[in-house]
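Worksheet: one structure, shown below.
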Amino acid sequence: MAEPHDEQDKDQTKLQREDLHGIWAMEREAQLDITRTEQLAEQQKLYGLEAAASIKDRSITLFDRGKRAGGYNGTFLGVPFLEDMRQLGGQDVVFVGAPLDTGTTFRAGTRFGPQALRQISTLGGFYNTDHGVILREALQMVDAGDIQVIPANIEKSFDQIADAMSYIAERKVLPIVLGGDHSIGYPTIRGIAPFIEGNIGIIHFDRHSDLTETSLDERMHGSPFFHATNIPNAPATNLVQIGIGGWTGSKSGIRVARERHATVISIDDIERYGIDRVMEFALEVAWKNAKTIWLSFDIDSIDPAFAPGTGTPEPGGLLPREALKMIRLAIREGIAGMELVEVAPPYDVSDITALLGGRLIMDVLATLVESGKLGQQPGQASGSSEPA
Ligand SMILES: [Mn+2]
């Protein structure tokens, strides 16, 4: 076969099919060696685990173990990347990305949320003066990389996320889910619910109620809690929604909240009664006859002046200091896990939204250590004789 760049290129004779470089490339494709690629794919299938039953292409894994595994920018806080998911178990915390924005109805971009959270998370260290905690000492943490979502199909993505969450719940490691739009709030709870012996209370920070059955004919990011509270052990009576209000919410969601007897706490309530009283009330509702709590934190619950990098910004939200104080109170009795959703890097400025999101996660972990709900408290490991 003639090389395409031979002297004969310059001839003015009629072109033949085999003169084309494109035709040469087609022939060449059949000769390419793919031994290493196939070996790697086999290893990725083992390490990434089997995909959900609804996924037809069985080369797809549950956890992404391809070239984007672990995010483009390293792991959350720089903790070890757990490449082989069969090794999950015995750790205190697993960070896992759900890079989905198929559930957004207007401004997409949250598929880049996990990597933005990971990248900026390494700005700080593991030590925090306010909590008096060194996270690396107190907790065994790994980053599982991202769940393999199916961007063209939200229901298959839900199946993947639910299966991944079940896998983590079964191994009793606390999941910290890096979103992703808020549609993931349904499959995360669906995945862990079967492993909770009793009811799950949901503490949900948001400017939007996210209780609409469908948007644009699908279960989107305004729908997670309609479907999550249909799960028998996640009743709406244990759902507390904090920060709801403004012009971007949905009327039908508020109707569902009323019909199902969910609890809605507005920004005005927080202003009027103060953070301590409101959170005491929220905990009472969320924990009533419940075994544990799921924390679902939408970054748009914080005012867009501080968190502009999000799909549905709504002016008048929480101040960062209020939010940090509120989540510390929200989780002091422990949690089954949390998700931090709706960080959309394309709209962010100086990474401040991702920074705040990561900071909320770190404060959750430090609070769990501080309150003795997770890991080792300072002094425990070394057998220090400080007074109890
Ligand atoms: Mn929201």
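First residue of the sequence shown: 781, per the working numbering; consecutive thereafter.
Glycine included, each C-beta is placed from N, C-alpha and C at the ideal position.
{"Asked": "Let me know if residue 814 comes out buried or exposed under the rule of 16 or more other beta-carbons within 10 Å of its beta-carbon.", "Found": "exposed"}
{"Asked": "Is residue 910 near ligand 1, going by C-beta to nearest heavy atom under 7 angstroms?", "Found": "no"}
{"Asked": "Measure the C-alpha to C-alpha separation of residue 932 and residue 882 and round it to an integer number of angstroms.", "Found": "7 angstroms"}
{"Asked": "Distance check for residue 1155 and residue 919, CA to CA, integer angstroms please.", "Found": "5 angstroms"}
{"Asked": "DSSP on residue 1162, reduced to helix/strand/coil?", "Found": "Confidence at residue 1162 is low in this model, with a pLDDT of 49, below 50, so its placement is unreliable and the value that follows should be read with caution. Residue state, collapsed to three classes: coil."}
{"Asked": "Among the candidates 1012, 926, 993 and 997, whose CA atom is the shortest distance from the CA of residue 1003?", "Found": "993"}
{"Asked": "Of all residues in the structure, which have a C-beta closer than 5 angstroms to any heavy atom of ligand 1, taken in chain order?", "Found": "986, 988, 1078 and 1080"}
{"Asked": "For a quick check, are the C-beta atoms of residue 1126 and residue 889 less than 8 angstroms apart?", "Found": "yes"}
{"Asked": "Assuming residue 1090 and residue 1000 are in contact, meaning their beta carbons sit under 8 angstroms apart, how far apart are those beta carbons, in whole angstroms?", "Found": "Contact flag wrong, Cβ pair sits at about 15 angstroms."}
{"Asked": "Helix, strand or coil for residue 1018? Go by DSSP, reduced to three states.", "Found": "helix"}
{"Asked": "Just to check my reading of the structure: residue 1136 and residue 1082 have Cβ atoms closer than 8 angstroms, yes? What is that Cβ distance to the nearest angstrom?", "Found": "7 angstroms"}
{"Asked": "Have a look at 1097, 949, 1080 and 922 and flag the residue whose alpha-carbon is nearest the alpha-carbon of residue 973.", "Found": "949"}
{"Asked": "Does the count of Cβ pairs from the region 862–869 and the region 966–986 closer than 8 angstroms reach three?", "Found": "no"}
{"Asked": "Helix, strand or coil, according to DSSP, for residue 825 in the structure here?", "Found": "helix"}
{"Asked": "For residue 1016, I'd like the list of residues in its chain whose CB is within less than 7 angstroms of its CB, leaving aside the five on either flank, ordered along the chain.", "Found": "1009, 1040, 1041 and 1042"}
{"Asked": "Can you tell me whether residue 794 is helix, strand or coil according to DSSP?", "Found": "coil"}
{"Asked": "To the nearest angstrom, how far is it from the Cα of residue 842 to the Cα of residue 799?", "Found": "44 angstroms"}
{"Asked": "Please determine if the region 792–811 and the region 904–921 are in contact, where contact requires at least 3 C-beta pairs separated by less than 8 angstroms.", "Found": "no"}
{"Asked": "Please tell me whether residue 878 and residue 959 are closer than 8 angstroms, where the distance is taken between their beta carbons.", "Found": "yes"}
{"Asked": "Please classify residue 947 as buried or exposed, where buried requires at least 16 other C-beta atoms within 10 Å of its C-beta.", "Found": "buried"}
{"Asked": "So what's residue 913 in DSSP terms, helix, strand or just coil?", "Found": "strand"}
{"Asked": "Residue 1022 and residue 1096 - do their beta-carbons sit closer together than 8 angstroms?", "Found": "no"}
{"Asked": "In the DSSP assignment, find the beta strand (DSSP E) that holds residue 985 and state where it starts and stops.", "Found": "979–985"}
{"Asked": "How would you write the range of the alpha helix (DSSP H) that residue 1000 sits in, first residue to last?", "Found": "Element bounds for residue 1000: n/a, residue is neither H nor E."}
{"Asked": "Among 984, 1117 and 912, which has the Cα closest to the Cα of residue 1158?", "Found": "912"}
{"Asked": "For the beta strand (DSSP E) holding residue 1119, just list the boundary residues, first then last.", "Found": "1117–1121"}
{"Asked": "Under DSSP, the alpha helix (DSSP H) around residue 1071 begins and ends at which residues?", "Found": "Residue 1071 -> not in any alpha helix (DSSP H); beta strand (DSSP E) instead, spanning 1070–1078."}
{"Asked": "For residue 1050 and residue 1116, which I take to be in contact (beta-carbon distance under 8 angstroms), what is that distance rounded to the nearest angstrom?", "Found": "Contact doesn't hold; Cβ gap of about 25 angstroms is too wide."}
{"Asked": "At a cut-off of 7 angstroms, is residue 1016 close to ligand 2 when judged by its beta-carbon and the heavy atoms of the ligand?", "Found": "For ligand 2, the structure offers nothing, since it holds only ligand 1."}
{"Asked": "Kindly give me the distance between the Cβ atoms of residue 1107 and residue 1143, rounded to whole angstroms, as I take these residues to be in contact under 8 angstroms.", "Found": "6 angstroms"}
{"Asked": "Rounded to a whole number of angstroms, what is the C-alpha to C-alpha distance between residue 971 and residue 943?", "Found": "6 angstroms"}
{"Asked": "Could you tell me if residue 860 is buried or exposed, where buried requires 16 or more neighbouring beta carbons within 10 angstroms of its beta carbon?", "Found": "exposed"}
{"Asked": "Please name the residue in 1031, 961 and 1134 whose C-alpha comes closest to that of residue 1122.", "Found": "961"}
{"Asked": "In the DSSP assignment, find the unbroken beta strand (DSSP E) run with residue 958 in it and report its ends.", "Found": "954–959"}
{"Asked": "So, under 8 angstroms CB-CB, residue 880 and residue 891 are touching, yes? Tell me the CB distance rounded to an integer number of Å.", "Found": "6 angstroms"}
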